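In what follows, a single structure is set out as C-alpha cells and then discussed.
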Amino acid sequence: MRITKRAATVALLTAATVALTGCSAAGGGTTGGDDAAACEPAEGKVDLTFTSWIPGIEDVVDVWNKANPDIQVAVQTGPNGNGGTYANFFNQLEAGNAPDLGQIEYDALPNFRVQDGLMNLASCDGVLDAKADFVDWTWGQVSFNEDDSVYAIPQDSGPMAMFYRADLFEANGIAIPTTWDEFATAAEQVRATGSYITNFSQSDINQFAGLVWQAGGTWFGNDGTDWNVDLTGDESIKVADYWQDLIDRDLVSTQPPWTTEWDNAYNTGAAWTWNSAAWGANSIASGAPDTAGKWAVAASPQWEAGDEASGNWGGSSTAVFTGSKHPYEAAQFALWLNSSSESLTMLNESANLYPAAKDGLDLPVLKEGVEFYGDQPIYDVFAKASGEVSSDFVWGPTMTQTYNDVSDGFKAAVSGNGTLAEALTTGQSATIKALQAQSIPVKE
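This is the structure:
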C-alpha cells in the first residue's frame, strides 16, 4: 500500500511459478518456513502482537478485540516498511522476539522468505479455502504460486489506470489516448500548449515496474535452485526505450515525484496525466486541490489496440512470523482483517486502502461517484484493471538494492548521462552481485 504520496517506496510484488526452496536454504535455512506449520487452536485466551503502519489500524483492531475476547491483538504502529519497520522485523526475528503478525509489502515478501522469517499458513483452518476470496494475482503474491503454500494474507493492491485532466483534453481537442502510440501523439499535442502530458519518475522505480508488468515483462524468476535476474528482458527494454524517446524529445517532465514542484505541476495544469495506482486518487486530490472536479480516470493505454492488460503499483499483506506460538489465531485475525466488509470499509476510509479481497471491490464506498473526479465512480475503472493484472511478475529478495541502483541510473539518464536501458543493465549487474554477496544462488 501507499499511505501518502511521500511515503518511502517499497511497493510491488512477487508472483509466477516460483519455488523458493533452494533460495530459502541459501538465505538462512529451510526449517520452519517452507513446510506448512502445525496450526491448531490454542486452549484458553490468546494474546497476539501485530505491527503495522496503516493510519487508523488501532480502531480496526479494536473492532476485532471487542468481538473476540479470547483472541486479543495488541497493535504497534511504526514507520513504513523501508522507513525502519522491515529492519526492526529482521532484528526481532534474529533475536527471537518478533511480533506474531506484521504488515509486509508484496515486493518484500521474498526477502523475508529467504531469511526463513515467514510461517507457511497453508495448514491453518480456512486459509487455503480463502484463495477464492482474493483477486487471483494477489494470492499469487503470497503463495508464490506454489501448491500448499501461503506465507501471508493479501491486504490491498494498486492496479493502475490513467488519471487525466478531462477539461484540458476537451478544451484543446485532444483525444484521450487508449494506446501508448496514441499517448506519444497526445504528448506532442500537449507539449504544443506549453504543458507536459505527464511526469516520468526518475526515482520511484515502482511505477516503471508497473509499466513493465503491464507490458508482460517480469524481473525475476526462480527454478527451485537458482534465481534468475532479468531487468533487461524484451518487455523492459521496450518500456525503457519508449520513455527514453519521450524524454529525449522533451515531451515529458522529469521532476522528482512527491515534491512541492511535482504537486504544483498537477495543480497548475503543467502536467495533464498520471498513470498510477488506485491510491493515487488521494495523492492528486491532496496535491492539486485547485483542480477539483476537472479530473477523470480511464484505463491505462495499451501496447496494442484492443488489449486489456494492467500493471500494479503497490500492495501489502499480513504475514505471520516464524516463532509465533499461535499461528492458528494469527491466521484467523489476518483473514478477518483483510476480508471482513467492516474492516475493509474502515481501512479504506482511514487509509484509502484498495482491497485485495474480491468482495472488497464492491464495497458501497467504492461504488460512489467521487466529487473531485467530476462525480465519476472511478473505482469501477480500478476494479476492472485489478482483474487484468498478470500473475507472472516476480520480485527478487533484494528489491531495495535493485530499486536504488536503477533509480541512480534513471536520475543520470534524465540528466543526459546514459539511457534508461543502460540503467537497467547496470541495475541487473548490481543485483546479481548483491545476491552473490548474500550467498543466494543466482544465474549469471
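Per mature numbering (1 follows the signal peptide of the UniProt record, and there is no 0): the sequence shown = residues -21 to -1, 1 to 423. Using N, Cα and C, we set each Cβ at its ideal position, and we do this for glycine too. Just so we're clear, the structure is a prediction, and the values are computed from it rather than from any experiment.
Pairwise C-alpha distance: residue j and residue i
i           : j    : result
V362        : L340 : According to the sequence shown, residue 362 is Ala rather than Val. Approximately 6 Å, taken between the alpha carbons.
Y85         : D220 : 27 Å
T301        : Y245 : 45 Å
P280        : T158 : 4 Å
G119        : A256 : 19 Å
N47         : V373 : 37 Å
S386        : D209 : 16 Å
I38         : L190 : A small correction: the amino acid at residue 38 is Asp; Ile does not occupy that position in the sequence shown. Going by the C-alpha atoms only, they are around 35 Å apart.
M378        : A264 : 30 Å
D41         : D242 : 36 Å
N151        : T164 : 14 Å
residue 430 : D79  : The question about residue 430 has no answer here: the residues shown for the chain are numbered -21 through 423.
S365        : L100 : 25 Å
M139        : Y333 : 11 Å
V25         : I36  : 20 Å
G1          : V421 : Unreliable positioning characterises G1 in this predicted model, as indicated by a pLDDT of 40, which lies under 50. A coordinate reading is not provided.
L345        : E283 : 29 Å
G75         : A413 : 26 Å
F389        : V169 : 24 Å
P343        : V360 : 15 Å
L403        : V106 : 38 Å
G212        : T197 : 8 Å
A298        : Q82  : 6 Å
G285        : I155 : 15 Å
residue 424 : D160 : Outside the modelled stretch of the chain, which goes from -21 to 423, sits residue 424, for which no answer is possible.
A278        : M141 : 6 Å
N70         : S370 : 31 Å
Close beta carbons around residue i, own chain, < 8 Å, minus the five adjacent residues each side
i    : result
Q223 : A392, T398, L399, A400
S174 : L147, G248, A249, A250, W251
A409 : Q380, T381, D384
A271 : A264, E350, F351
Y307 : C18, E19, P20, A21, C103, D104
S232 : Y175, T177, N178, F179, A244, A249, A250
T30  : V54, Q55, T56, G57, T64, N67, F68, P78, L80, G81, Q82
D126 : none
Nonlocal neighbours in the same chain, by C-beta distance under 7 Å from residue i, ignoring five residues either side
i    : result
E331 : One point to set straight first is that residue 331 is Asn, not Glu, in the sequence displayed. Taken in chain order, the residues that qualify are W258, N261.
A275 : Y143, A145, Y352, G353, Q355
I226 : F179, T233, V393
T324 : L342, V344
Contacting residues, own chain, Cβ-Cβ under 6 Å from residue i (five flanking each side not counted)
i      : result
G6     : Here G6 scores only 36 on pLDDT, less than 50, and its place in the model is too uncertain to base an answer on.
G200   : N207, V373
S182   : P235, S386
I33    : A330
T10    : Low confidence applies here, because T10 scores a pLDDT of 33, under 50, leaving its location unreliable; read the following figure in that light. Answer for T10: no residue qualifies.
A288   : Q193, E367
T(-18) : Its pLDDT being 37, under 50, T(-18) is placed unreliably by the model, and nothing is read from it.
V318   : One detail in the question is off: residue 318 reads as Ser in this sequence, not Val. So the qualifying residues of the chain are D112, A336.
T117   : P133, S136, A335
I50    : V25, E308
Q218   : For the sequence presented, residue 218 should be read as Val rather than Gln. L190, V191, A194.
I153   : A165, Q168
S322   : V39, L316
Residues sharing a beta bridge with residue i, DSSP
i    : result
Q51  : D26
Y175 : A250
Q281 : T158
P133 : S296
A275 : Y143
V114 : BP columns for V114 are empty, so no partner.
A256 : M139
N201 : W206
V349 : Q355
A335 : Answer by DSSP bridge pairing: none, since A335 is not bridged.
T56  : S31
S102 : Beta-bridge pairing links S102 to no other residue.
S232 : N178
V421 : W206
Boundaries of the alpha helix (DSSP H) in which residue i is found, first to last residue
i           : result
Q355        : Taken as a continuous stretch (DSSP letters only), Q355 belongs to no alpha helix (DSSP H), as it is neither H nor E.
A66         : 64 to 74
residue 475 : It is not possible to answer for residue 475, since the shown part of the chain is limited to -21 through 423.
N185        : 184 to 193
G406        : 399 to 416
N291        : Unbroken run through N291: none, as it is neither H nor E.
E37         : 36 to 46
A313        : 306 to 318
R92         : 88 to 93
D227        : 213 to 227
Range of the contiguous beta strand (DSSP E) that encloses residue i
i    : result
E84  : 80 to 84
V208 : 206 to 208
N383 : No beta strand (DSSP E) contains N383, which is instead part of the alpha helix (DSSP H) from 378 to 393.
beta-carbon residue i near the ligand PLP non-hydrogen atom, thresh 7 Å
i    : result
S322 : With respect to the ligand PLP, the structure offers nothing, as it holds no ligand at all.
Write down every uninterrupted run of the alpha helix (DSSP H) in the stretch 140 to 170 whose length is 4 residues or greater and which is fully enclosed by it, in chain order. 145 to 150, 159 to 170
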